[in-house]
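J.: This is the structure, below, for whatever I ask next.
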Amino acid sequence: MEIVVQKYGGTSVGSIEKIKNVARRLIKAQQGGRGVVAVVSAMAGKTEQLIDLAHEVTDTPDMREYDVLLSTGEQASGALLAMAIKSHGCKARSFLGHQIKILTDEAFSKARIVSIEAEKLLEEMEKNSIAIVAGFQGVDEAGNITTLGRGGSDTTAVALAAVLGAGVCEIYTDVDGVYTADPNICHDARKIKKISYEEMLEMASLGSKVLHARSVEIAKKYCVPIHVRSSFSEEEGTMVAVENEEMEKYVVTSVNYNRNETKLTISNVPDIPGVAGRIFKPIAEANINIDMIIQNVGSDGNADLTFTVAQNDTKKALEILQGVARELKATSVSVDEDIAKVSIVGVGMRSHYGVAAKFFSTLAKEGINIMMISTSEIKISCVIEEKYTELAVRVLHEAFNLSLE
Ligand code: ADP
Ligand code: ASP
Ligand code: MG
Numbered sequence: 062m063e064i065v066v067q068k069y070g071g072t073s074v075g076s077i078e079k080i081k082n083v084a085r086r087l088i089k090a091q092q093g094g095r096g097v098v099a100v101v102s103a104m105a106g107k108t109e110q111l112i113d114l115a116h117e118v119t120d121t122p123d124m125r126e127y128d129v130l131l132s133t134g135e136q137a138s139g140a141l142l143a144m145a146i147k148s149h150g151c152k153a154r155s156f157l158g159h160q161i162k163i164l165t166d167e168a169f170s171k172a173r174i175v176s177i178e179a180e181k182l183l184e185e186m187e188k189n190s191i192a193i194v195a196g197f198q199g200v201d202e203a204g205n206i207t208t209l210g211r212g213g214s215d216t217t218a219v220a221l222a223a224v225l226g227a228g229v230c231e232i233y234t235d236v237d238g239v240y241t242a243d244p245n246i247c248h249d250a251r252k253i254k255k256i257s258y259e260e261m262l263e264m265a266s267l268g269s270k271v272l273h274a275r276s277v278e279i280a281k282k283y284c285v286p287i288h289v290r291s292s293f294s295e296e297e298g299t300m301v302a303v304e305n306e307e308m309e310k311y312v313v314t315s316v317n318y319n320r321n322e323t324k325l326t327i328s329n330v331p332d333i334p335g336v337a338g339r340i341f342k343p344i345a346e347a348n349i350n351i352d353m354i355i356q357n358v359g360s361d362g363n364a365d366l367t368f369t370v371a372q373n374d375t376k377k378a379l380e381i382l383q384g385v386a387r388e389l390k391a392t393s394v395s396v397d398e399d400i401a402k403v404s405i406v407g408v409g410m411r412s413h414y415g416v417a418a419k420f421f422s423t424l425a426k427e428g429i430n431i432m433m434i435s436t437s438e439i440k441i442s443c444v445i446e447e448k449y450t451e452l453a454v455r456v457l458h459e460a461f462n463l464s465l466e
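Quick note, the sequence shown lines up with residues 62 to 466 if you use my numbering.
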């Protein structure tokens, strides 16, 4: 049996009318003769609402209970969708992560999928029933509910598609594909018809939330084609697949931004071997990812270390850093949340020079100061003041002619 996995994001299930629309789409997909697995997100705004509730109780919620709470959004939309399908006289059944089961590690709020047992879904499809899976959640070895990080339903869908050998994983969202920049802030952005896993992975990792980065990583590893498209039209969207000759050959493919990072600085630590390790080890042990790092060495033999972390790790990272600062006799620790990272991505950068110079001069022309820089073979990122995010995205998009076919 040919299997398709369709994932519907928050806006696609944002109201009862929209859930009914999704039900009709799933029934139609099944009538085409395929086995259908649907992965759902929480209704738009629901996850934020639950996060706010947790923070009304305490500034530092217990993370086990936090995941129990956040997972309820997807439980509700899955059940509502199953009811909508059944009201048409068709078969459907909703499943939670632990009922399937989707086994993860124990990193609450950013768990990674370890394995998936898919038998129950196959049984469902054999009975001609649409299997609905609550996205974003799993269960650890000890039986605790875990969640996969914001936007994690994409990852549930792609991981299921990989395990089920689905021909395609369709990601239905509120835009009709992947664009050269976020179409909601850059109105000249152009839809990309086909994009390589590699470029999409960079885009997602750099903050383009149209796909969860881990979902692209899994798709690449198991060669699952992803089709990003709109749940409100029948139009073809963007295919994310292995790089081939049909793909566009631009030096730069996209401009991306991320407003959800914080910059932390520890000042005047001794510039001697082992210091960076002492700073970053306890941060790693707390499951906090570091993104960019820069070190400025002064003439006095001391150094300042600046790095970025995800905004929701700020509190924890700051506490750890303050502890380390006392041990290392650093003079101060500072935090800046009003930053954004803007990046350009393109496999063509490997063989072209002058891209970085153009990137920096474009920002300079607008008077945008660069605080941190990081590069790889296929991307350049800068940290800037948050208030310039949209301006930076637009001028970079224009400077690299991304709106042109
Ligand atoms: P869902 O709830 O369906 O998962 P998300 O909000 O997570 O939807 O992702 C879709 C959003 O991603 C779009 O509304 C758009 O603002 C944003 N986005 C950011 N970068 C891009 C891009 N390059 N192409 C398309 N959408 C993008
Ligand atoms: N509901 C979760 C979130 O808002 C997961 C998802 O939508 O993918 O992050
Ligand atoms: Mg999403």
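Using N, Cα and C, we set each Cβ at its ideal position, and we do this for glycine too.
Between ARG290 and TYR233, is the Cβ-Cβ spacing less than 8 Å?
T.: As a position in the sequence shown, residue 290 is number 229, starting the count at 1. As a position in the sequence shown, residue 233 is number 172, starting the count at 1. It is a contact, given that the beta carbons lie within the stated cut-off.
J.: Taking Cβ positions, are THR299 and GLY238 nearer each other than 8 Å?
T.: As a working mapping, residue 299 is identified with position 238 in the sequence shown. As a working mapping, residue 238 is identified with position 177 in the sequence shown. Yes.
J.: Count the other C-beta atoms from every protein chain shown that fall within 10 angstroms of the C-beta of HIS273, then say buried if there are 16 or more, exposed otherwise.
T.: Stepping through the sequence shown from its first residue, residue 273 is reached at position 212. Label assigned to HIS273: buried.
J.: Taking contact to mean 3 or more Cβ pairs, one atom from each stretch, closer than 8 Å, check whether the segment 163 to 172 and the segment 195 to 204 are in contact.
T.: With the cut-off at 8 Å, the segment 163 to 172 and the segment 195 to 204 touch.
J.: Which complete beta strand (DSSP E) runs does the segment 298 to 382 hold, if anything under 3 residues is left out?
T.: The qualifying runs are 299 to 302, 315 to 319, 322 to 331, 351 to 358 and 363 to 371.
J.: What separation, rounded to the nearest whole angstrom, lies between the Cα atoms of GLU398 and GLU438?
T.: The sequence position of residue 398 within the sequence shown is 337, counting from 1. The sequence position of residue 438 within the sequence shown is 377, counting from 1. Distance between the alpha carbons of GLU398 and GLU438 is about 28 Å.
J.: I'd like the span of the beta strand (DSSP E) that includes GLY96, first residue to last.
T.: Here residue 96 is taken as the residue at index 35 of the sequence shown, counted from 1. From DSSP, the beta strand (DSSP E) with GLY96 extends over 96 to 101.
J.: Tell me whether the segment 250 to 264 and the segment 221 to 232 touch, counting them as touching only if at least three CB pairs, one residue from each stretch, are closer than 8 Å.
T.: These segments do not touch.
J.: If you draw a straight line from the C-alpha of LEU130 to the C-alpha of ILE80, how long is it?
T.: On the sequence shown, residue 130 is found 69 positions in, with the first residue counted as 1. On the sequence shown, residue 80 is found 19 positions in, with the first residue counted as 1. For LEU130 and ILE80, the distance between alpha carbons rounds to 22 Å.
J.: Can you have a look at CYS284 and say buried or exposed, based on whether 16 or more other CB atoms are within 10 angstroms of its CB?
T.: Within the sequence shown, numbered from 1, the residue matching residue 284 stands at position 223. With fewer than 16 other Cβ atoms within 10 Å, it is exposed.
J.: Flag this pair as yes or no: are the beta carbons of ILE405 and VAL316 separated by less than 8 Å?
T.: Numbered from 1 along the sequence shown, position 344 holds the residue referred to as residue 405. Numbered from 1 along the sequence shown, position 255 holds the residue referred to as residue 316. Yes, the pair counts as a contact, with Cβ atoms nearer than the cut-off.
J.: Below 6 Å CB to CB, which residues in the same chain sit around ALA105 once its five sequence neighbours on both sides are set aside?
T.: Here the question's residue 105 lines up with position 44 in the sequence shown. Excluding sequence neighbours, ALA105 sits near GLY71, THR72 and GLY75.
J.: Please tell me whether GLU295 has its Cβ less than 8 Å away from any Cβ of chain C.
T.: No chain C is part of this structure, which consists of one protein chain only.
J.: Give a yes or no on whether the C-beta atoms belonging to ALA143 and ARG154 are separated by under 8 Å.
T.: Indexing the sequence shown from 1 puts residue 143 at position 82. Indexing the sequence shown from 1 puts residue 154 at position 93. Yes, these two residues count as a Cβ contact at 8 Å.
J.: Leaving out the 5 sequence neighbours to the left and right, which residues in its chain are closer than 6 Å to SER102 when beta-carbon positions are compared?
T.: Looking up residue 102 in the sequence shown gives position 41. Correct list, in chain order: GLY70, GLY71, GLY196 and SER214.
J.: Work out the CA separation of GLU296 and ARG320 for me, nearest whole Å.
T.: Residue 320 sits at position 259 when you count from the first residue of the sequence shown. Residue 296 sits at position 235 when you count from the first residue of the sequence shown. One C-alpha to the other measures close to 30 Å.
J.: Could you tell me whether the segment 375 to 383 touches the segment 343 to 352, where touching means 3 or more Cβ pairs closer than 8 Å?
T.: Yes: the two stretches touch, three or more of their Cβ pairs being nearer than 8 Å.
J.: Given that a residue counts as buried once 16 or more other Cβ atoms are within 10 Å of its Cβ, and exposed if not, what is GLU322?
T.: Position 261 of the sequence shown, counted from the start, is the residue given in the question as residue 322. So GLU322 ends up on the buried side.
J.: For MET432, is the beta carbon positioned less than 7 Å from some heavy atom of the ligand ADP?
T.: Here residue 432 corresponds to residue number 371 of the sequence shown, with the count starting at 1. Result no, Cβ not under 7 Å from the ligand ADP.
J.: Thinking just about the alpha-carbon of each residue, which of SER176, GLY407, VAL97 and ASP123 is nearest to the one in MET62?
T.: Here residue 62 refers to the residue found at position 1 of the sequence shown. The candidate whose alpha carbon is nearest that of MET62 is VAL97.
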